[in-house]
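Quick note on my numbering: the sequence shown kicks off at 107 and runs consecutively. Cβ atoms here follow ideal geometry from the backbone N, Cα and C, with glycine treated the same way. Just so we're clear, the structure is a prediction, and the values are computed from it rather than from any experiment. The structure under discussion appears below in the form of structure tokens.
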Amino acid sequence: MVGGRGRSRSPRELADDPENWPHADLSGHPAAAVVQAIAAALQGVMAERGLSFRRLAEVSGVNRQTVNDVVVGRCWPDVATIAQLEVGLAVRLWPTSPTGTGGS
Numbered sequence: 107m108v109g110g111r112g113r114s115r116s117p118r119e120l121a122d123d124p125e126n127w128p129h130a131d132l133s134g135h136p137a138a139a140v141v142q143a144i145a146a147a148l149q150g151v152m153a154e155r156g157l158s159f160r161r162l163a164e165v166s167g168v169n170r171q172t173v174n175d176v177v178v179g180r181c182w183p184d185v186a187t188i189a190q191l192e193v194g195l196a197v198r199l200w201p202t203s204p205t206g207t208g209g210s
């Protein structure tokens, strides 16, 4: 498990250009790239369905601030959080490739 200094900065802070999150270059940071792919997928589903952070929190059981932190790249979400979001949305958020691309 990544720990210590590996998570001392948020995924967004590891991007070459954090302002491009969730489409920033995260070369050399595969874990952050996975989090970014999850954030992009989550943001896309929310936009497509017209979901607010509050409504997504209600349907998933994930705290509203946590949902926001995932979307903007401020946190390293755990597997339980991602699973709750996937179940609440009935959609896969975890990317299909280890580089963070190819999520559906």
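So the candidates are the options; which of them puts its Cα closest to the Cα of residue i?
i    : options                : result
E164 : R118, L132, V193, R198 : V193
V185 : P128, A137, A153       : A137
V197 : G134, T172, E119, L162 : L162
Can the beta-carbon of residue i be found less than 8 Å from the beta-carbon of residue j?
i    : j    : result
R180 : S114 : no
V141 : W182 : yes
I188 : L195 : no
Q190 : S166 : yes
R170 : R160 : yes
Cutting at 7 Å between CB atoms, please list the residues of its own chain near residue i, excluding the five before and the five after it.
i    : result
V177 : A145, L148, Q149
P128 : Q142, A145, A146, Q149, G179
Name the two residues that bound the continuous alpha helix (DSSP H) containing residue i.
i    : result
D175 : 170-178
T187 : 185-195
E154 : 136-155
L162 : 159-166
Assuming residue i contacts residue j (C-beta within less than 8 Å), just tell me the rounded distance between them.
i    : j    : result
D131 : A143 : No, D131 and A143 are not in contact; Cβ-Cβ is about 13 Å, not under 8 Å.
I'd like the list of long-range same chain contacts for residue i, defined as Cβ closer than 8 Å, with 5 residues on each side in sequence excluded.
i    : result
E125 : none
Who are the near neighbours of residue i in its chain, counting only those whose CB is closer than 6 Å to its CB and skipping five residues on each side?
i    : result
D123 : A130
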